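Visitor: Under our numbering, the final residue of the sequence shown carries the number 364; numbering is consecutive throughout. The structure that follows is given in the form of structure tokens.
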Amino acid sequence: MRRINISELHELGVRSLGLDASSLDLTSVEGIAGALRRAAGFSCPCSEEELIAYVFQSIRDLVSNTEELHDLIDATLQALLGYGDLVECRMLAGDAANNSNTLLYLTPPSFVARRDGSVFLLGIAPDDLSPLPAQYLSRVERDGHVRRIQPLTEENLALCLVQFGFWELPLDQWLRTPLAEPARQYLTRFDERLGSSPPAGSIPGLRMLDPSKSVRFYPGRWTQLRNQTGKFVGRRPQAYGADLWCYAEIENGHIQKMLDFPQFEKRWRPCDEAWRLQSAIDACNSKPQHYRVRPGPTRETSVLDLFSPVPLWAQRRWDLTGHPTPRSGSLFSYVLPASALDEELRFLKSMLWLIDSREVG
């Protein structure tokens, strides 16, 4: 029997996930994503908290800062949800068989084909038994939470994957977004529905996004219910499972009316609609959320920095055209081709009403 050190343990773990041990370790985004996929293949359906805990417990002794590790696992899981490897499904009220209100399910092995012939791999096989043959597995490029394969000369990758049992998801369907509309019109729809809702009772533990706090620091915008008055995006606790996203009308610290998300965009996660509504609120308050553009790692690229979370339908666009990169003073960042930058900035302004940080006085 031979004792191994932490470095060797990282190497063994990375290799067991089918990753390159010479450039990655278990705490890289690629390593965390691989661990989450493997754990999900054996554990789903399960809650987000259960899946995060499973991966966290398996590698917590390999790091010195466990809080950062937990945050990284959580953020990577959200990226996998946005990308499409997993889906959230809310359980019906009164389902006594489950203690969590929302469970995660595996997306079947699927792919999205790009116009250049390359493909994005989505989904997770049960028990982590991928239908992809070994010679194709060795060609999978992993970039953060994204997995892609480039075609060989004269190769029809899409046809090959269908023959291996993968489902093809049309690109337009994968990238489908809600309708674009002015921020005021979007906010008005929620205010009207909130106004017609019945009175709400007491909700202990409500947390809210404070519109008066800086849009440059998302975690600092969260506050507890005290004596506020107004309409707020928030999260309310439930007996089991993650806190629910909601929109509440409050008067002197008392909840008058409340809506749970989603209300209109039911194809997306509750948080996606909540984040878009908060962006509309900020824009209507003349304090729109910001983005920042800075030079990329090459002359042909730029880095897009975001300071607030965005819905998964926005993230998928950037997974397609670029790739995530380590953040620098922002909540998250993407490297994008310089040729696609103008189009993506127009998308941010029309769909989420964001402005360039340089426009802020």
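All residues carry an ideal CB built from backbone N, CA and C; glycine is no exception. Nothing here was measured: the structure is a model prediction, and the numbers come from that model.
Please classify Gly299: does DSSP put it in a helix, a strand, or coil?
Guide: Along the sequence shown, read from residue 1 onward, the residue named residue 299 stands at position 296. Reduced to three states, the DSSP call for Gly299 is coil.
Visitor: So the candidates are Glu70, Thr30, Pro202; which of them puts its Cα closest to the Cα of Ile62?
Guide: If you number the sequence shown from 1, residue 62 lands on position 59. Measuring from the Cα of Ile62, the nearest candidate turns out to be Thr30.
Visitor: Considering only the beta carbon of each residue, do Thr79 and Leu39 sit closer than 8 Å?
Guide: The residue given as residue 79 occupies position 76 in the sequence shown. The residue given as residue 39 occupies position 36 in the sequence shown. Contact: yes.
Visitor: Within 10 angstroms of its Cβ, does Val363 collect 16 or more other Cβ (buried), or is it exposed?
Guide: Reading the sequence shown from its first residue, position 360 is the one you call residue 363. It counts as exposed.
Visitor: Straight-line CA distance for Gly97 to Leu109?
Guide: Taking the sequence shown and counting its residues from 1, the one referred to as residue 97 is at position 94. Taking the sequence shown and counting its residues from 1, the one referred to as residue 109 is at position 106. Here the model assigns Gly97 a pLDDT of 48, short of 50, so the residue's position is not dependable and the matter cannot be decided.
Visitor: Apart from the five residues on each side of it in sequence, which residues of its chain come closer than 7 Å, Cβ to Cβ, to Trp356?
Guide: Stepping through the sequence shown from its first residue, residue 356 is reached at position 353. Hits under 7 Å: Ala186, Ser282, Ala283, Ala286, Pro291.
Visitor: What does a CB cutoff of less than 6 Å around Ser360 pick up in its chain, not counting 5 residues either side in sequence?
Guide: Here residue 360 refers to the residue found at position 357 when the sequence shown is read from its first residue. Only His293, Arg295 meet the Cβ criterion.
Visitor: Between which two residues does the alpha helix (DSSP H) holding Trp225 run?
Guide: Position 222 of the sequence shown holds residue 225. From DSSP, Trp225 is part of no alpha helix (DSSP H) but of the beta strand (DSSP E) over 225 to 227.
Visitor: Quick one: Cα of Ala343 to Cα of Gly85, how far?
Guide: The count along the sequence shown starts at 1 and reaches residue 343 at position 340. The count along the sequence shown starts at 1 and reaches residue 85 at position 82. Cα-Cα distance, rounded: 21 Å.
Visitor: I need the straight-line Cα distance from Thr180 to Pro265, nearest angstrom please.
Guide: Numbered from 1 along the sequence shown, position 177 holds the residue referred to as residue 180. Numbered from 1 along the sequence shown, position 262 holds the residue referred to as residue 265. One C-alpha to the other measures close to 15 Å.
Visitor: Helix, strand or coil for Trp170? Go by DSSP, reduced to three states.
Guide: Counted from its first residue, the sequence shown places residue 170 at position 167. If DSSP states are grouped into helix, strand and coil, Trp170 belongs with the strands.
Visitor: With H, G and I counted as helix, E and B as strand and the rest as coil, what does DSSP make of Asp98?
Guide: Mapped onto the sequence shown, residue 98 falls at position 95. Reliability of the predicted coordinates at Asp98 is poor, the pLDDT of 45 falling under 50, and no value is obtained from them.
Visitor: Extract the residue ranges of the alpha helix (DSSP H) inside the region 101 to 155, only unbroken runs of 4 or more that lie entirely within it.
Guide: 137 to 140
Visitor: For Val306 and Asp146, what's the separation of their Cα atoms in angstroms?
Guide: Locating residue 306 in the sequence shown gives position 303, where the first residue counts as 1. Locating residue 146 in the sequence shown gives position 143, where the first residue counts as 1. Answer to the nearest angstrom: the Cα atoms are 15 Å apart.
Visitor: Tell me which same chain residues have a C-beta within less than 7 Å of the C-beta of Ala100, skipping the five on either side of it?
Guide: Within the sequence shown, the letter at position 97 stands for residue 100. Because Ala100 carries a pLDDT of 40, less than 50, the predicted location of this residue cannot be relied on, and no value is offered for it.
Visitor: For Asp246, collect the residues of the same chain with a Cβ closer than 7 Å to its Cβ; drop the 5 residues on either side in sequence, then sort them by chain order.
Guide: Translated into positions along the sequence shown, residue 246 becomes position 243. So the list reads Arg238, Arg239, Pro240, once near-sequence residues are dropped.
Visitor: For the alpha helix (DSSP H) that Ile76 lies in, which residues bound it at each end?
Guide: Here residue 76 refers to the residue found at position 73 when the sequence shown is read from its first residue. From DSSP, the alpha helix (DSSP H) with Ile76 extends over 69 to 86.
Visitor: Kindly indicate which residue of Pro340, Phe235, Asp345 has the alpha-carbon position closest to the one of Glu254.
Guide: Indexing the sequence shown from 1 puts residue 254 at position 251. It is Phe235.
Visitor: If you draw a straight line from the alpha carbon of Ala82 to that of Thr232, how long is it in whole angstroms?
Guide: In the sequence shown, counting from the first residue as 1, residue 82 sits at position 79. In the sequence shown, counting from the first residue as 1, residue 232 sits at position 229. If you take the alpha carbons of Ala82 and Thr232, they lie about 34 Å apart.
Visitor: Is it true that the region 129 to 149 meets the region 41 to 57, where meeting means three or more beta-carbon pairs spaced less than 8 Å apart?
Guide: yes
Visitor: How many whole angstroms separate the CB atoms of Leu280 and Phe193, which I take to be in contact at a CB cut-off of 8 Å?
Guide: On the sequence shown, position 277 is the one that residue 280 refers to. On the sequence shown, position 190 is the one that residue 193 refers to. Indeed they touch by this definition, with Cβ atoms about 6 Å apart.
Visitor: How many angstroms separate the CA atom of Leu54 from the CA atom of Met354?
Guide: Counted from its first residue, the sequence shown places residue 54 at position 51. Counted from its first residue, the sequence shown places residue 354 at position 351. Those two C-alpha atoms are separated by around 32 Å.
Visitor: Following the continuous beta strand (DSSP E) through Ser342, name the residue where it begins and the one where it ends.
Guide: Within the sequence shown, the letter at position 339 stands for residue 342. It is not in any beta strand (DSSP E) - Ser342 instead sits in the alpha helix (DSSP H) that spans 341 to 354.
Visitor: Would you kindly work out how many angstroms separate the C-alpha atoms of Leu228 and Gln138, rounded to a whole number?
Guide: The residue you call residue 228 lines up with position 225 of the sequence shown. The residue you call residue 138 lines up with position 135 of the sequence shown. Going by the C-alpha atoms only, they are around 56 Å apart.
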